[in-house]
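Trainee: One structure, pasted below without further comment.
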């Protein structure tokens, strides 16, 4: 982690993980202004996970990937990509002279290049085969596996707050659980007969 920096903040009840693409619908004037700044000035902004369970005051640094649709009333559908995580120190009502909030945050500088163990990689490959998904990445990181498992927000918080070794065991347990669910769903197809 590094020192504090001030960034624009968009408080939401979502917690994207590094590497994840997230669709957003932008409609409030202050966040339309944030979108305009992100588009014209190529700035990143933080999505602060605005939930009572977020005791660590964590958030996700995102960059605008694309604008899917612009509506006549000024609203937009966009895609952002999470590029890092942060811990919030202080949140301000406005960012500099803007309508949208800002915050003093400490970036985590998440390393997306740390390889996973052979055991986790093998179980992840088996899980993807079970879902008939071909592995599209030569390299797999902890975060790419977590994104594929589509963890809920409490599990995302647990995952990111664990040390590296515990992150692996956490993902292994979730992989095994989801593998079990997929296999049970496949078995149930043989039990029910359509008329």
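Residue numbers (our numbering): 191 to 385.
Ideal Cβ placement from N, Cα and C applies to all residues, glycine included.
(1) Pair every Cβ in the segment 361-378 with every Cβ in the segment 235-252, then say whether three or more of these pairs are closer than 8 Å.
(2) Going by DSSP, what residue range makes up the beta strand (DSSP E) through residue 259?
(3) Between the beta-carbon of residue 290 and the beta-carbon of residue 220, is there less than 8 Å?
(4) Applying the 10 Å Cβ sphere with the 16-neighbour rule, what's the burial state of residue 213?
(5) Hey, how far is the Cα of residue 197 from the Cα of residue 354?
(6) Going by other Cβ atoms of all chains shown within 10 Å of its Cβ, with 16 needed for buried, is residue 226 buried or exposed?
(7) Here's the rule: buried if 16 or more other CB atoms are within 10 angstroms of the residue's CB, otherwise exposed. What is residue 357?
(8) For a test of the three-state rule: what should DSSP assign to residue 309, helix, strand or coil?
(9) How big is the Cα-Cα spacing for residue 203 and residue 343?
(10) State the start and end residues of the unbroken beta strand (DSSP E) segment that holds residue 279.
(11) Would you list the residues sitting across from residue 202 in a DSSP beta bridge?
(12) Check for me: the alpha helix (DSSP H) holding residue 350 runs from which residue to which?
(13) Give the DSSP-derived three-state secondary structure of residue 219 in the structure shown.
(14) Considering only their Cβ atoms, is the gap separating residue 229 from residue 251 smaller than 8 Å?
(15) Is it the case that the Cβ atoms of residue 304 and residue 331 are separated by a distance below 8 Å?
(16) Relative to the alpha-carbon of residue 201, which residue among 242, 231 and 336 has its alpha-carbon at the smallest distance?
(17) Hey, how far is the Cα of residue 267 from the Cα of residue 257?
(18) Hey, how far is the Cα of residue 218 from the Cα of residue 285?
Mentor: The relevant details are as follows:
(1) no
(2) 248-260
(3) yes
(4) exposed
(5) 27 Å
(6) exposed
(7) buried
(8) helix
(9) 9 Å
(10) 266-282
(11) 239
(12) 343-350
(13) helix
(14) no
(15) yes
(16) 242
(17) 6 Å
(18) 16 Å
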